[in-house]
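K.L.:
The sequence shown runs 446 to 829 under the numbering used here.
For each residue, glycine too, the CB sits at the ideal point set by N, CA and C.
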Amino acid sequence: MSIHKYPSKKAKNGYLYFVKIYMVKDSQRADHIKRGFRTRKEAKDYEARLIYLKASGKLEEFIKPTHKTYNEIFEKWYQAYQDTVEPTTASRTLDMFRLHILPVMGDLPISKISPLDCQNFITDKAKTFKNIKQIKSYTGKVFDFAIKMKLLKHNPMAEIIMPKRKKTRIENYWTVQELQEFLAIVLQEEPYKHYALFRLLAYSGLRKGELYALKWADIDFQTETLSVDKSLGRLDGQAIEKGTKNDFSVRKIKLDSETISILQEWKSISQKEKAQLTVAPLSIEQDFLFTYCTRSGSIEPLHADYINNVLSRIIRKHGLKKISPHGFRHTHATLMIEIGVDPVNTAKRLGHASSQMTLDTYSHSTTTGEDRSVKQFADYLKAK
């Protein structure tokens with residue numbers, strides 16, 4: 446090793462220092478040079494570090510960057526990652542990388558990806574991708590994995606500035622009147638299955654996956670209760686049962702008597718419909734509340750986009766305010782809060798970890814709620 450001085454306009458005294466280490470690779474000289482030290486002492490300190498690394502057998506690892514691509518490291522990371530999550534979660538993550546991250550990062554040598562590359566990537570993605578924090582997080586996980594594998598020294602994604610998106614508030618819920626109008630349309634124009642489905646969704650606050658996973662054994666018609674302990678997802682096009690979103694999501698909720706009657710009516714109708722089909726009598730799919738018949742004549746749980754497609758069609762046809770299937774859960778929570786139901790009970794009903802989570806997620810001002818609040822305040826002062 447040696448230390449040398451060289452002229453530089455960047456230095457106040459006109460000189461900077463570099464450290465040179467003599468190495469051999471494949472029987473050829475492959476010297477390592479590190480430039481830019483302002484003083485001889487800085488260069489000496491770096492030289493001392495190299496001497497220590499050489500003595501401990503880690504010198505080559507330190508100065509030789511990996512030439513593996515981002516995609517190669519991703520494959521190693523994903524192999525370990527997929528065993529730590531639900532199969533459906535792993536599948537969604539793979540799709541996100543395949544569609545949004547690997548087309549940009551995949552072929553680049555991971556050691557050559559700079560913070561500026563990452564900044565440009567995130568800034569560009571933020572223009573079209575809603576959950577940009579998720580993109581940043583998962584892109585960074587591969588860099589973190591490379592660091593753990595001693596292939597990188599730092600994560601370039603950790604140094605970027607997140608672009609600020611202009612928030613456009615979309616009210617993904619209906620008022621009482623809007624919900625009643627929708628249900629009246631469904632009852633009058635749609636198959637009874639759709640009425641039972643949307644009625645249960647609106648009056649229970651279930652997540653879509655929880656609704657899809659429901660079986661008749663989950664409903665106690667005597668006590669008018671519904672047990673929620675699973676969800677239904679898709680993996681490679683096949684429906685698979687999985688656990689609920691979290692431990693708090695396992696719950697038993699009460700249903701109103703009218704919804705129970707509607708479900709009893711739907712059970713009777715569905716049993717008659719299935720009796721006319723050529724289906725194996727012990728097929729487990731027959732236990733699901735809501736199913737559909739395939740072209741081959743088999744009965745399957747609803748596919749992922751079933752509710753979305755039906756809901757969108759009805760909304761377009763009648764010019765209703767647009768909401769997503771999750772909007773029924775949002776509507777349920779909003780109306781529960783609006784009529785003054787205890788937030789703790791609302792949280793338990795929704796499967797939230799705390800009432801604060803419920804309030805943070807679904808508590809917002811509505812016209813009806815504001816009118817009631819103003820009247821209550823005025824009445825209180827008048828009484829004094």
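Below 8 Å CB to CB, which residues in the same chain sit around Lys660 once its five sequence neighbours on both sides are set aside?
P.N.:
In the sequence shown, counting from the first residue as 1, residue 660 sits at position 215. Once the five neighbours on either side are set aside, the close Cβ partners of Lys660 are Asp732, Phe733 and Leu734.
K.L.:
Drop a sphere of 10 angstroms on the beta-carbon of Thr573, count the other beta-carbons inside from all chains shown, and report buried for 16 or more, exposed for fewer.
P.N.:
Start at 1 with the first residue of the sequence shown, and residue 573 comes out as number 128. By the neighbour-count rule (16 or more Cβ atoms within 10 Å), Thr573 is not buried but exposed.
K.L.:
Can you look up Lys457 in the DSSP assignment and give me helix, strand or coil?
P.N.:
As a first step, residue 457 is located in the sequence shown; it is residue number 12 there, counting from the start. Three-state result, Lys457: coil.
K.L.:
Between the C-alpha atoms of Ile729 and Glu531, what's the straight-line distance to the nearest angstrom?
P.N.:
Residue numbering aside, residue 729 sits at position 284 when the sequence shown is read from its first letter. Residue numbering aside, residue 531 sits at position 86 when the sequence shown is read from its first letter. Caution is warranted here: a pLDDT of 45 is assigned to Ile729, below 50, making its placement in the model unreliable, and the coordinate value is therefore given only provisionally. Our two residues, Ile729 and Glu531, have alpha carbons roughly 22 Å apart in a direct line.
K.L.:
Would DSSP call Gly772 helix, strand or coil?
P.N.:
As a position in the sequence shown, residue 772 is number 327, starting the count at 1. Looking at Gly772 - three-state DSSP - the assignment turns out to be helix.
K.L.:
Please list the terminal residues of the continuous alpha helix (DSSP H) segment that includes Tyr737.
P.N.:
As a first step, residue 737 is located in the sequence shown; it is residue number 292 there, counting from the start. Counting along the chain, Tyr737 falls outside any alpha helix (DSSP H), though it belongs to the beta strand (DSSP E) covering Thr736 to Cys738.
K.L.:
Can at least three beta-carbon pairs, one atom from the stretch 749-764 and one from the stretch 623-631, be found at a separation below 8 Å?
P.N.:
yes
K.L.:
CA-CA distance, Asp663 and Asn617?
P.N.:
Position 218 of the sequence shown, counting from 1, holds the residue named residue 663. Position 172 of the sequence shown, counting from 1, holds the residue named residue 617. Looking at the two C-alpha atoms, the distance is approximately 28 Å.
K.L.:
What residues in its chain sit with their C-beta under 6 Å from that of Phe428, if we drop five residues either side in the sequence?
P.N.:
Nothing about residue 428 can be reported from this structure: the residues present for the chain run from 446 to 829 only.
K.L.:
Is the distance from the Cβ of Val673 to the Cβ of Leu780 below 8 Å?
P.N.:
Locating residue 673 in the sequence shown gives position 228, counting from the first residue. Locating residue 780 in the sequence shown gives position 335, counting from the first residue. Result no, Cβ atoms of Val673 and Leu780 do not sit closer than 8 Å.
K.L.:
Throw me the rounded Cβ distance for the Trp619 and Thr776 pair, which I believe falls under 8 Å.
P.N.:
Residue 619 sits at position 174 when you count from the first residue of the sequence shown. Residue 776 sits at position 331 when you count from the first residue of the sequence shown. 5 Å between Cβ atoms; contact.
K.L.:
Would you grab the beta carbon distance between Ile752 and Lys719 for me? Rounded to a whole angstrom, and I think it's under 8 Å.
P.N.:
Sequence index remark: in the sequence shown, residue 752 carries index 307 (1-based). Sequence index remark: in the sequence shown, residue 719 carries index 274 (1-based). About 20 Å separates the two Cβ atoms, so there is no contact after all.
K.L.:
Quick check on Phe482: buried or exposed, where buried means 16 or more other Cβ atoms within 10 Å of its Cβ?
P.N.:
Counting from 1 along the sequence shown, the entry for residue 482 is found at position 37. Flag for Phe482 reads buried.
K.L.:
Please name the residue in Glu669, Ser715 and Gln721 whose C-alpha comes closest to that of Thr834.
P.N.:
A query on residue 834 cannot be resolved here, the shown segment of the chain reaching from 446 to 829 and no further.
K.L.:
Buried or exposed: Ile605, going by 16 or more other Cβ atoms within 10 Å of its Cβ?
P.N.:
For this step, residue 605 is matched to residue 160 along the sequence shown. So Ile605 counts as buried.
K.L.:
By Cβ distance below 8 Å, which residues in the same chain neighbour Pro601 in space, the five residues on each side in sequence not counted?
P.N.:
Locating residue 601 in the sequence shown gives position 156, counting from the first residue. So the qualifying residues of the chain are Ile558, Ser559, Pro560, Asp562, Cys563 and Phe588.
K.L.:
Determine the burial state of Pro770: buried for a count of at least 16 other Cβ atoms within 10 Å of its Cβ, exposed for fewer.
P.N.:
To locate residue 770, count along the sequence shown from 1; it is residue 325. Buried, because 16 or more other Cβ atoms sit within 10 Å of the Cβ of Pro770.
K.L.:
Can you check DSSP and say which residues form a bridge with Tyr497?
P.N.:
Residue 497 sits at position 52 when you count from the first residue of the sequence shown. Beta-bridge pairing links Tyr497 to no other residue.
K.L.:
Less than 8 Å between the CB atoms is what I'm expecting for Ile546 and Ala591, so what's the real figure, rounded?
P.N.:
As a working note, residue 546 is residue 101 in the sequence shown. As a working note, residue 591 is residue 146 in the sequence shown. So it is not a contact: roughly 14 Å between Cβ atoms.
K.L.:
For the stretch 698-718 against the stretch 637-654, do three or more pairs of beta-carbon atoms, one drawn from each stretch, fall closer than 8 Å, so that the two count as touching?
P.N.:
yes
K.L.:
In angstroms with no decimal places, state the Cα-to-Cα distance between Met607 and Phe773.
P.N.:
By 1-based counting over the sequence shown, the position of residue 607 is 162. By 1-based counting over the sequence shown, the position of residue 773 is 328. Distance between the alpha carbons of Met607 and Phe773 is about 32 Å.
K.L.:
Starting from Val673, trace the alpha helix (DSSP H) in both directions and tell me its first and last residue.
P.N.:
In the sequence shown, counting from the first residue as 1, residue 673 sits at position 228. Boundaries for Val673: no alpha helix (DSSP H) harbours it, while the beta strand (DSSP E) harbouring it runs Thr670 to Val673, taken from the DSSP string.
K.L.:
Could you compute how far the alpha carbon of Thr514 sits from the alpha carbon of Met550?
P.N.:
For the purposes of this step, residue 514 is taken as residue 69 along the sequence shown, with counting starting at 1. For the purposes of this step, residue 550 is taken as residue 105 along the sequence shown, with counting starting at 1. Computed Cα separation, rounded: 8 Å.
K.L.:
Output needed for Tyr491: all residues of its chain with C-beta closer than 8 Å, excluding positions within five of it in sequence on either side, in chain order.
P.N.:
Here residue 491 corresponds to residue number 46 of the sequence shown, with the count starting at 1. Answer for Tyr491: Val464, Lys479 and Phe482, listed in chain order.
K.L.:
So, Lys593 versus Ile580, is the Cβ gap smaller than 8 Å?
P.N.:
On the sequence shown, residue 593 is found 148 positions in, with the first residue counted as 1. On the sequence shown, residue 580 is found 135 positions in, with the first residue counted as 1. Against a cut-off of 8 Å, the Cβ pair of Ile580 and Lys593 comes out as no contact.
K.L.:
Output needed for Ala456: all residues of its chain with C-beta closer than 8 Å, excluding positions within five of it in sequence on either side, in chain order.
P.N.:
Position 11 of the sequence shown, counted from the start, is the residue given in the question as residue 456. Cβ within range, chain order: Arg483.
K.L.:
With respect to the alpha helix (DSSP H) encompassing Tyr657, which residues constitute its N-terminal and C-terminal limits?
P.N.:
As a first step, residue 657 is located in the sequence shown; it is residue number 212 there, counting from the start. Start and end: Lys653 to Ala658.
K.L.:
Relative to the C-alpha of Tyr583, which candidate in Arg610, Leu544 and Lys609 has its C-alpha closest?
P.N.:
By one-based count along the sequence shown, residue 583 stands at place 138. The shortest Cα separation from Tyr583 among Arg610, Leu544 and Lys609 belongs to Leu544.
K.L.:
Is Thr736 buried or exposed, if buried means 16 or more other CB atoms sit within 10 Å of its CB?
P.N.:
By one-based count along the sequence shown, residue 736 stands at place 291. It is buried - the Cβ of Thr736 has at least 16 other Cβ atoms within 10 Å.
K.L.:
Who are Arg758's beta bridge partners in DSSP?
P.N.:
The count along the sequence shown starts at 1 and reaches residue 758 at position 313. Paired residue(s): none; Arg758 is not in a bridge.
K.L.:
Is Lys486 helix, strand or coil by DSSP?
P.N.:
Your numbering for residue 486 matches position 41 in the sequence shown. In the structure shown, Lys486 sits in a helix (DSSP, three-state: H, G or I).
K.L.:
Quick one: using the 10 Å Cβ neighbour count with 16 as the cut-off for buried, is Arg485 buried or exposed?
P.N.:
Working through the sequence shown from its first residue, we reach residue 485 at position 40. So Arg485 counts as exposed.
K.L.:
Cα separation between Thr791 and Lys697?
P.N.:
By 1-based counting over the sequence shown, the position of residue 791 is 346. By 1-based counting over the sequence shown, the position of residue 697 is 252. Whole-angstrom Cα-Cα distance: 12 Å.
K.L.:
Does Lys450 come out as helix, strand or coil in the three-state DSSP assignment?
P.N.:
Within the sequence shown, the letter at position 5 stands for residue 450. Reduced to three states, the DSSP call for Lys450 is strand.
K.L.:
Please report the residue range of the beta strand (DSSP E) in which Arg794 lies.
P.N.:
Walking along the sequence shown from the start, residue 794 turns up at place 349. Counting along the chain, Arg794 falls outside any beta strand (DSSP E), though it belongs to the alpha helix (DSSP H) covering Pro788 to Leu795.
K.L.:
Between the C-alpha atoms of Ile448 and Leu596, what's the straight-line distance to the nearest angstrom?
P.N.:
Within the sequence shown, the letter at position 3 stands for residue 448. Within the sequence shown, the letter at position 151 stands for residue 596. Cα to Cα, the separation comes out at about 27 Å.
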